[in-house]
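A.B. asks: Going by the numbering used here, the first residue of the sequence shown is number 15, and it counts up by one from there.
Below is the structure I would like to discuss, written out as structure tokens.
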Amino acid sequence: MTTQLSAVSTEQTRWDSYAPRYQALIDVPLDALQVPHWLQEWSDLSAELSQVGTLLSLAADLNTADQHSQSRLQHFREQVVAPSNLAEQQLRQKLLSVPHYQPAPDFALAYRRMRDQASMFREANVALDVQHQAQMQRHAEITGAQVVTLDGQSMTIPAAESELGSPDRARRQQVWQAMSDAQAQATGPLNDLMLALIDTRRQLAANADLSDYRAYIWHELDRVDYTPQQCLDFHTAVQREIVPLAQNIMQRKARQLGLETVRPWDYSRRTALDAQGRPPLRPFDTGAELEQLAQNVFDDLDADLGAQFARMRRDRLLDLESRPNKMSHAYCTSLDVAKTPFVLMNVVGSSQDLNVLLHEMGHAFHFFASAAAQPLIWNRWSPIEFIEIPSISMELLGLEQLGRVYSPKDLERVRQEQLESAVLFMPWAAQMDAFQHWLYTQAPQQPTAADLNAKWLELDRTFHPWLDWTGLDEGQRAAGWQYYHIFRAPFYYLEYAMCHLGALALWRAARNDSAATLTRYKAALRLGNTVSVPELYRAAGLEFRFDVDYVRGLMDVVVGELEGVQLNR
Ligand SMILES: [Zn+2]
């Protein structure tokens, strides 16, 4: 365990330790000239709270059985974070009411976002927001109780899902059936919850004087650089340029495996099925071995990135090994005072683990760069349309350095899987987005679960035409919209597709000039949140586009690679 993690004092978990400083910031007379200094104090205070929150949350995740850590975190959220949110709201209002204040260039975007958020405020939405949050929380209660029963044992859905990559088809079908049974238990409650959420969301929009919930979200997510129509055009682009390619990939795979058609258990976005029925690759055994592999990859890629990774190892900012009672996700989080990231994973020795580490380290490099360059906490990381580019492109750039890890044959397999998964993700992302555009602008006035199911079925046939559901319950297919983001993060999905495209474009550029591409990558990471999304893409040497011509150009490069792989056989 790292020393930082045990360093949270009781003092730091009390609201009393922060409240007087918040109050002082609220009370102090403020004119335009004093704002920059005042902002930095506010930012430093927020950073302290944020770091304590991260440390408590890490301690809780690293040992979920430790009751003391869990209750400390819970207490901090209730007693410190909740009142600090109210204080932060007062500080935003104070800032927005300073006469003649013109934000400095590096604060202009954050200021505009605060102003836009404030303009959405409606008294009538205060109670409704609380209700909305409670309804969204209900999703966790319903799905948290879902249990898959497999081989007489109970397990979570993600744990079962990893079995979908089994080369044994009968096993895959058994796993898929068990997962479907578990999901079916929640269908009714999730239907009711969704219909309630639609009501609430429509009312939130109406109270904010907006035509529909999509318009509301456009404001809330600060989508100023693109329109709903461009998103609809992207769905068409995916349908025309990517779905046939995805279909081709899946049908080729089925042919190689001697399958007549692709059944639902033969296809998982997350768990690639090997076309030659080979067992998964196991490039390492221990977390320490994985660290050394990754160190070689980053050293070969770029000296700065290699040094940053070495620092994370030295300062014990990585916790990679799987242990009992450790949170099962992988993530990268940030320590805002120390200005360092922290990566938590649960590695088992798979090639997927190496991928995930490259991914999380892309986030870590982003935080290192933006925290070092940006003194204000609001300017770290980046807008959501960019935030997955550092991570996904690191998976692709790292791929080019794995010759020391894998044999040429295995490397080819890993490359192929990686590129295939980039293609297969797009139809799913477009479908998720298309469904929500329909749900919040075109669905009937009083929608029923049957309406939602019918729309999802239509979209699933469009975006996943290779799936053969013959003889299976299509009601189950139709309930596929019951996915986390639809409930918990409305409309937040297209950003993943944008970042996939951006990462592919970056990878394409790196194949022409790796050093120049990495220089631009690092420059873009330093900008954090200080420039608009199109400017951020430009700094990385990319275009912020997702139209049909752009998508086609990127897919041409991927197809070239996939064919190359095929020709070598
Ligand atoms: Zn990520």
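All residues carry an ideal CB built from backbone N, CA and C; glycine is no exception.
All values reported here derive from a predicted model rather than from experimental measurement.
Buried or exposed: His343, going by 16 or more other Cβ atoms within 10 Å of its Cβ?
C.D. replies: exposed
A.B. asks: Which residues end up in the neighbourhood of ligand 1 when you take C-beta atoms closer than 6 Å to any of its heavy atoms?
C.D. replies: His373, His377, Glu402, Ser405
A.B. asks: Report the CB separation of Phe356 from Leu331 in whole angstroms; it is logged as a contact under 8 Å.
C.D. replies: 5 Å
A.B. asks: Which of the three DSSP states, helix, strand or coil, is assigned to Tyr345?
C.D. replies: Of the three classes helix, strand and coil, the one that applies to Tyr345 here is strand, per DSSP.
A.B. asks: For Ala275, does the count of other Cβ atoms within 10 angstroms reach 16, so buried, or fall short, so exposed?
C.D. replies: This sequence places Thr at residue 275; Ala is not what is there. Under this definition Thr275 is an exposed residue.
A.B. asks: How many Å lie between Gln586 and Glu255 at the Cα?
C.D. replies: One cannot answer for residue 586 here, as it falls past the ends of the chain, which runs 15 to 583.
A.B. asks: Give me the Cβ distance between Ser98 and Leu63, rounded to the nearest whole Å; I'm assuming they're in contact under 8 Å.
C.D. replies: 6 Å
A.B. asks: Is it buried or exposed for Gly578, if we count other Cβ within 10 angstroms and need 16 for buried?
C.D. replies: Reliability of the predicted coordinates at Gly578 is poor, the pLDDT of 49 falling under 50, and the value obtained from them is presented with this limitation in mind. The C-beta of Gly578 has fewer than 16 other C-beta atoms within 10 Å across all chains shown, which makes the residue exposed.
A.B. asks: So, do the segment 491–508 and the segment 516–528 have three or more beta carbon pairs nearer to each other than 8 Å?
C.D. replies: no
A.B. asks: What are the complete alpha helix (DSSP H) segments, minimum 4 residues, inside the segment 241–314?
C.D. replies: Taking only runs of at least 4 residues, the alpha helix (DSSP H) segments lying wholly in the segment 241–314 are 242–251, 257–271.
A.B. asks: Could you spell out the range, first to last residue, of the alpha helix (DSSP H) harbouring Thr201?
C.D. replies: 183–221
A.B. asks: Quick check: the segment 550–569 against the segment 237–256, are at least 3 beta-carbon pairs closer than 8 Å?
C.D. replies: yes
A.B. asks: Between which two residues does the alpha helix (DSSP H) containing Gln445 stretch?
C.D. replies: 422–455
A.B. asks: Count the CB pairs spanning the segment 405–414 and the segment 367–374 that are closer than 8 Å, and state whether there are at least three.
C.D. replies: When C-beta atoms of the segment 405–414 are compared with those of the segment 367–374, three or more pairs fall below 8 Å, so the two segments count as touching.
A.B. asks: By the three-class DSSP mapping on this structure, what secondary structure does Ser168 have?
C.D. replies: strand
A.B. asks: Here's the rule I'm using: 16 or more other beta-carbon atoms within 10 Å means buried, otherwise exposed. How should Asn139 be labelled?
C.D. replies: buried
A.B. asks: Let me know the secondary structure DSSP gives Thr354 once reduced to three states.
C.D. replies: Looking at Thr354 - three-state DSSP - the assignment turns out to be strand.
A.B. asks: Shortest alpha-carbon distance to Leu76 belongs to which of Val311, Leu204, Met341?
C.D. replies: If we check each option's Cα against that of Leu76, Met341 comes out closest.
A.B. asks: Three-state secondary structure (DSSP) at Trp402?
C.D. replies: What sits at residue 402 in the sequence shown is Glu, not Trp. Per DSSP, reduced to three states, the secondary structure at Glu402 is coil, with no helix or strand assignment.
A.B. asks: Cα separation between Thr17 and Val66?
C.D. replies: The predicted position of Thr17 is uncertain, since its pLDDT is 42 and thus under 50; a value taken from the coordinates is nonetheless stated next. Thr17 and Val66: Cα-Cα distance of roughly 14 Å.
A.B. asks: Using the Cα positions of Asp130 and Asn221, report the straight-line distance between them to the nearest angstrom.
C.D. replies: 16 Å
A.B. asks: Thinking Leu205 and Ala503 are a contact (beta carbons under 8 Å), I'd like their distance in whole angstroms, please.
C.D. replies: Checking the displayed sequence, the identity of residue 205 turns out to be Asn instead of Leu. Their Cβ separation, rounded to whole angstroms, is 19 Å, which puts Asn205 and Ala503 out of contact at 8 Å.
A.B. asks: Can you list the alpha helix (DSSP H) stretches of 4 or more residues lying completely in the segment 456–486, in chain order?
C.D. replies: 463–477
A.B. asks: How many Å lie between Phe449 and Gln88 at the Cα?
C.D. replies: Just so you know, the alpha carbons of Phe449 and Gln88 end up roughly 35 Å apart.
A.B. asks: Tell me whether Asp236 sits in a helix, a strand or coil according to DSSP, three-state version.
C.D. replies: coil
A.B. asks: Taking the alpha carbon of Leu568 as the point to measure from, which residue in Ala537, Leu532, Trp521, Ile398 has its own alpha carbon closest?
C.D. replies: Trp521
A.B. asks: Kindly indicate the opening and closing residues of the beta strand (DSSP E) around Asp333.
C.D. replies: 332–335
A.B. asks: For Val361, which residues does DSSP report across the bridge?
C.D. replies: Glu335
A.B. asks: Would you give the residue range spanned by the alpha helix (DSSP H) that Gln37 belongs to?
C.D. replies: 33–41
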